[in-house]
Structures are given as structure tokens and as C-alpha cells.
Amino acid sequence: MTGTLKGIAASDGIAIAKAYLMVDPDLSFEKKTITDVDAEINRLHDALEQSKKELTLIKAKAAENLGAEEAEVFEAHLTILSDPELIGNIEDKIKNDTINAEEATKEVTDNFIAMFEAMTDNAYMQERAADIRDVTKRLMSHLLGVELPNPALIDSEVIIVAHDLTPSDTAQLDRRYVKGFITDIGGRTSHSAIMSRTLEIPAVVGSEKATTSVKQGDMMIVDGLTGDALINPSDDEIKEYEQKSADFKAQKAEWEKLKNERTVSKDGVHFDLAANIGTPDDLQGVLDNGGEAVGLFRSEFLYMNASELPSEDQQFEAYKKVVEGMNGKQVVVRTMDIGGDKDLPYLPLPEEMNPFLGYRAIRISLDRTDLFRTQLRALLRASAYGKLAIMFPMIATVAEFKKARAIYDDERQKMIDAGTKVGEIQVGMMMEIPAAAMIADKLAKYVDFFSIGTNDLIQYSFAADRGNEKVSYLYQPYNPSLLRLIKQTIDASHAEGKWTGMCGEMAGDQIAVPILMGLGLDEFSMSATSILKTRSLMKKLSTDDMKKLAEKAITEAETNKDVIKLVEETVNNK
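Residue 49 in the UniProt record's numbering sits at position 49 of the sequence shown; the count goes up by one each step and never skips.
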């Protein structure tokens, strides 16, 4: 088909390439009685060999792109494919029940999976169930003659088309070949969108029907500036978008000239423009885009990109690499923020009706203090190599912060007593729960800083899941109610001589930036690719004028739209 899909512009840029569908194929089949047992067993072995060849290639690609350790999961899959007990049981099923290889494979692997999943006291064995499920899917695809999508095997320029992309999916995309992506679901604050900006890949999310409208190999254009995606565009449309891409690159070149400049307003007030990162590999993007700090290091990606809990030494090396690489500029590390939509296969979490409001982030850390203390020790050791700050996510009460701080203080003292060199560390918290924002004046007495996490603060303030398209109209970052919470937080920190940053996507939003300048936000932390564009905007604006704008937005405006109109009228007149 040809036509245009409308979605949400998630990451700036234009991508033109063929579509690569990351959609699981139909693996359904019928149970059949067979007459030629030997031929059926040969089919099974052919599929096993194809699966092994594919996994060997995937393992090599994973080792090249992610490192040998991350590739080990595929070694486990190869071991399963060579397991004589598993293969023998499938062969016996084919022989004794005279059934097709697909049915025999399903019956045997279902039994193995059920057996491993029943070992609730052995997390390692439960993980093997997931491995067998993955291997079975691959084996079944070869028995049925259908192809499983795998981004690790992409070796030509493509646009990824998917229902959604998990953080680990997005982290594995190879920027040499993946020119852009489009998803059915998601918003600007979904993890796939955030990671696309980190990877500097143009993206459109929330298109609703990309996977049902696009066919494998269709030529596509993804416009990450407007949220449009064209399927099988005409030659004229391709030329038009090639020009649009060239214009955008020219604009980026203008912004590039500001790379080594400080961020100052028109009237000379300095603001810190920082970057959000997920792994040490993202550091180069911060430096390339003139970042003045790392305002959010999402440490959970060290856990999500591993097949087991990362050790203290592994974490230390990652933190040290970033702290050293920033050459004396501050790095703020958020302690492990697992839960919600970020799960670890090797750390099973309880099933919950609403995981976003449940057992996650600091709540896990205060319960599993063994994990928390390991992470804190790694951070304390890394602090000797640069300017490090630590913040705790999902703090709701003063008592929670005090408890987390006490564990940190205990580990710090132990290290000092043992003669380990430890740097000066500021300890703060994420401000992302409305209840905490309402007592910002109390919390400000105990923290060294606040960092406002607007992605969660917005969804909790409006009781609207940020991944749910049905309530996406309630994602209102400029609503006066939210602006009041932000003002209250900033004012409370300043009253105690502390500072406030923002690490939610709102910090790089070109409508929000003028208001945040007026509210006195100290640090703006965003996707690295938004830094130079934001620096350019700030240079044109006077803080005195922005203070008046912010006051009007909070006291006179009634709606999100009112605030947008106020900003556009004010900024366009500058």
C-alpha cells in the first residue's frame, strides 16, 4: 500500500529506507499423524542445525555490539539445542506417538518449561524456562519455514517497524543500519522514544497501525520532526524529504557552533544543560553535543543489559568510565529504578495489578538492601575519579529518604574506615510523586538537591498511564497544576540553599524551557541531541521576561493550551 501514517514525533530527523518488521510471525500449526518417522526426525535435525547456525551468528553479532558477557545468553541457547535429553525426548515422541515434529517439540518443551517454572525456590532454574521458551520459538520457526525478526542480523539500511520496542530491543539497534523506527504504541516519554533520542535515531511512535499497514521491504520515510511516516512514497516525495533532511542537517550544523559555549540567557544568567544517559557508551553523545553535566545516568540499564545481577566491580567500572570521561563535570547517577515496565528476568518481581504504583525503584532497594548496598559501594568507589552525585528514585516520604540516606552514610563510613578513597558526593532525590512535591519544603532540609522527573510526575499528577494512548490527552506538561508543583519544588530547594534540576523529557521541550527559565530551574537534563537546540533558544531569552511569563502561566492560564499560547506569543515576539 501507499499512504501516510500519523504518529507522535519522538526523535528529530528524517529517515528514508526499507521497512524491517519486528513482528513475531504466526507459529500456529496442526497436530498431524505421520507415516515416515525417519523423514520427520530428519526435519527436526535440519531445523536444529538451522537454529544453531542462526544463534552462532547472533552470538557473534551480540559480542561485537554489546560485549562478550551479554552474548553468553546465546551460548546457553546453543547448549539447549544440543541437549541430548531434550532432543531425545522429542525424537521418542515422534517415534512412539507418530506425530509431527512441531507437536512433539511443543509437548516436550512445555513439560520442561513447566518443570523449571515450578522451582520457585531456585531463580537460576526458573530462568532456564525462559531460555527454553526462546529456543523453542526459534526451532519452531525453522520447522514451519518462517523467519523470526532479529535486529542483530540486520546488515543493510532499514526502518524498524514494531508494535513497541523494549529498552533492551532499542539498546541493541545498530545505528549503522537502523536509520529510524516507527511503532504502533507509545508516546514521547515511552522508553523506546527516550532511547531513540539517545541513539539519535529518527522515530515516530503511537502510529496505532504501522505493523498492519507496512509490509516487509516497503520503502518508507519516517519524519521524526512532524510524526508522519510515508509508505512507498513517490520519487517526488523522496526528493522533498531528502531536501528536508538536508535542511535539518544544516540547522544542526548551526547549533553545532554552540558546542563549546556556556549556556547563558540573553541577560547573562547561566543555566546548566546536562544530558540523560543509559550506559557508558552514551557518553560520547554528551561530549559531542556540548553537555555541561550528566543530569541522569539511568543505572538500571547496567542490570537490564546483563544476564545476571552485575557485580560491584562491574558497576564500579561503568560508573568510573563515565565520571572520568566527563573531566570534572558532574555526573548524577540514579540508583536502580527497576519495576513498572522495567523488569529483570533474573530478578522475578511479584505480579501486581498496577506495577507503576507498586514494588519498584527505591521500594525494592530498601527491601533488598543487599542489592542497594552493592550499588552504593560501587558508586562510592567511583566518586574518587570525578564529580559524582547520587539520587534516589520514587521517594514519597521524608522517612524513605532518611532510611536510604542512612544506608548510604553507613556504607560511606565503612569505606572511609577501611582506607578506601571516597570523593565528595551530593545525595539527592527524584521529585516524581505529587505527595513528595507537596512537602518539598520538608524534604529540602535533608537533600542536597532535587531532580524533577516529569515523566512520572505528570502521569501520577493526572492519574494517566503515560503508555496508554486512550488517555494520552492527559499528558499535559504545561498545565498550571503541574507548573505549580514544579515551582513549589524549586522554591523549596532555593529557600534551603539547595539546587533543583529536571531530568524528565520536559527539560528539553522547547515550549517548557522558557517557563522553566522563569521558574528558576538550575539544571536542565535532556537527551543529548536536544542540548544545542535548547542552548540556542536560551541565548535569545531574557530571564526577567521569562519570570513574567512563568507568573502568568501559573496565575492566569487555566489550561495546557492557554500556556502554549502564552509561550508562543512571548517567544515569537523576541
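No residue lacks a Cβ here, since even glycine has one placed at the ideal position from N, Cα and C. Just so we're clear, the structure is a prediction, and the values are computed from it rather than from any experiment.
Original post:
By DSSP, does residue 582 sit in helix, in strand, or in coil?
Top reply: Here the chain has residues from 1 to 574 only, and residue 582 is not among them.
Subject >> Nearest candidate by alpha-carbon position, reference N260, set F248, T279, A246, L287 >> reply: Shortest Cα-Cα distance from N260 to any of F248, T279, A246, L287 involves L287.
Original post:
CB-CB under 7 Å to R334, same chain, minus the five flanking residues each way: which ones, in chain order?
Top reply: So the list reads L296, F297, R298, S299, M391, P393, M430, once near-sequence residues are dropped.
Subject >> DSSP-derived helix/strand/coil call for E523 >> reply: The answer is strand: DSSP assigns E523 an E or B state.
Original post:
So is E400 in contact with chain D if we call contact Cβ pairs under 9 Å?
Top reply: No chain D appears in the structure shown, which is made up of a single protein chain.
Original post:
Apart from the five residues just before and just after A507, which ones in its own chain have a Cβ nearer than 6 Å to its Cβ?
Top reply: Its chain contains F524, S525, M526 as the residues whose beta carbon lies nearer than 6 Å to that of A507, once the 5 sequence neighbours on both sides are disregarded; these appear in chain order.
**OP:** Could you please give the first and the last residue of the uninterrupted beta strand (DSSP E) stretch that includes N572?
**Re:** From DSSP, N572 is part of no beta strand (DSSP E) but of the alpha helix (DSSP H) over 560-572.
Subject >> Runs of beta strand (DSSP E) wholly within the stretch 72-143 (minimum 3 residues, chain order) >> reply: Qualifying beta strand (DSSP E) stretches: none in this window.
Subject >> Proximal residues to D465 (C-beta, below 8 Å), its chain only, five neighbours per side dropped >> reply: Cβ neighbours of D465 beyond the five flanking positions: F356, Q459, V471.
Original post:
If you draw a straight line from the alpha carbon of V563 to that of A557, how long is it in whole angstroms?
Top reply: Looking at the two C-alpha atoms, the distance is approximately 6 Å.
Original post:
Hey, L48 and L139 are a contact pair by Cβ (cut 8 Å); roughly how many whole angstroms apart?
Top reply: Taking C-beta atoms under 8 Å as the contact rule, L48 and L139 qualify, at a distance of about 7 Å.
Subject >> Whole-angstrom distance between E496 and L482, CA atom to CA atom >> reply: Between the alpha carbons of L482 and E496 lies a gap of roughly 22 Å.
Original post:
Does the distance from the CB of K215 to the CB of D184 come in under 9 Å?
Top reply: K215 is not a Cβ neighbour of D184, given a cutoff of 9 Å.
Subject >> Simplified DSSP assignment, three categories, for S311 >> reply: When secondary structure is reduced to three states using DSSP, S311 falls in the coil class, being assigned neither helix nor strand.
**OP:** Tell me K548's beta-bridge partners as DSSP assigns them.
**Re:** By DSSP's assignment, K548 forms no beta bridge with any residue.
Subject >> Secondary structure of M538, DSSP reduced to three states >> reply: Helix, per DSSP.
Subject >> Selected residue, minimal CA-CA separation from Q243, among D26, A15, L302 >> reply: Taking only the C-alpha atoms, the option nearest Q243 is A15.
Original post:
Looking only at C-alpha atoms, which of D131, A444, E102 sits nearest to A114?
Top reply: For A114, the closest C-alpha among the options D131, A444, E102 is that of D131.
**OP:** Could you check the C-alpha separation between S383 and E102 for me, to the nearest Å?
**Re:** Rounded to the nearest angstrom, the two C-alpha atoms are 55 Å apart.
Original post:
CB A9 to CB D223, shorter than 9 Å?
Top reply: With respect to D223, A9 sits close: the two C-beta atoms are nearer than 9 Å.
Original post:
L371 lies in the beta strand (DSSP E); which residues open and close that run?
Top reply: Segment 369-382 is the alpha helix (DSSP H) holding L371; no beta strand (DSSP E) there.
Original post:
Do you know offhand how far S307's Cα is from K61's?
Top reply: The straight-line gap from Cα to Cα measures roughly 17 Å.
**OP:** Kindly list the residues whose CB is nearer than 6 Å to the CB of G285, restricted to its own chain and excluding five residues on each side of it in sequence; keep chain order.
**Re:** Answer for G285: A528, listed in chain order.
**OP:** Rank Q330, T33, D313 by C-alpha distance to the C-alpha of V427 and give the top, closest one.
**Re:** Distances from the CA of V427 to each of Q330, T33, D313 were compared; the closest alpha carbon is that of Q330.
Original post:
Do A152 and D174 come within 9 Å of each other at the CB atom, strictly closer than that value?
Top reply: Yes, these two residues count as a Cβ contact at 9 Å.
Original post:
Residues bridged to W499 by DSSP?
Top reply: Partner(s): F449.
Original post:
Among all the DSSP beta bridges, which residues are the ones paired with K215?
Top reply: K215 is not bridged to any residue.
**OP:** With a 10 Å radius around its C-beta and 16 neighbouring C-beta atoms as the bar for buried, classify residue 578 as buried or exposed.
**Re:** This structure cannot settle anything about residue 578, because the visible part of the chain is limited to 1 through 574.
Subject >> Spatially closest choice to I407 from I425, A437, A418, F372, by CA coordinates >> reply: With distances taken between Cα atoms, I407 lies closest to F372.
Original post:
Does the count of Cβ pairs from the stretch 441-456 and the stretch 396-410 closer than 8 Å reach three?
Top reply: Touching, yes, given that three or more Cβ pairs across the two stretches are closer than 8 Å.
**OP:** Using DSSP bridges, identify the partner residues of residue 576.
**Re:** An answer regarding residue 576 cannot be provided, because it is not within the stretch 1 to 574 covered by the chain.
Subject >> Neighbour-count burial assignment, S365, 16 or more Cβ in a 10 Å radius >> reply: Taking all protein chains shown into account, S365 has 16 or more neighbouring C-beta atoms within 10 Å of its C-beta and is therefore buried.
**OP:** Pull up the distance between the alpha-carbon of T212 and that of I201, whole angstroms please.
**Re:** Computed Cα separation, rounded: 22 Å.
**OP:** Below 7 Å CB to CB, which residues in the same chain sit around D267 once its five sequence neighbours on both sides are set aside?
**Re:** Result list for D267: S542, T543, D544, in chain order.
Subject >> Span separating the alpha-carbon of A274 from that of M1 >> reply: Computed Cα separation, rounded: 43 Å.
**OP:** Grab me the residues of residue 654's own chain with a C-beta within less than 7 Å of its C-beta, minus the 5 sequence neighbours each way, in chain order.
**Re:** For the chain, the structure presents residues 1 to 574; residue 654 sits outside this window and is missing.
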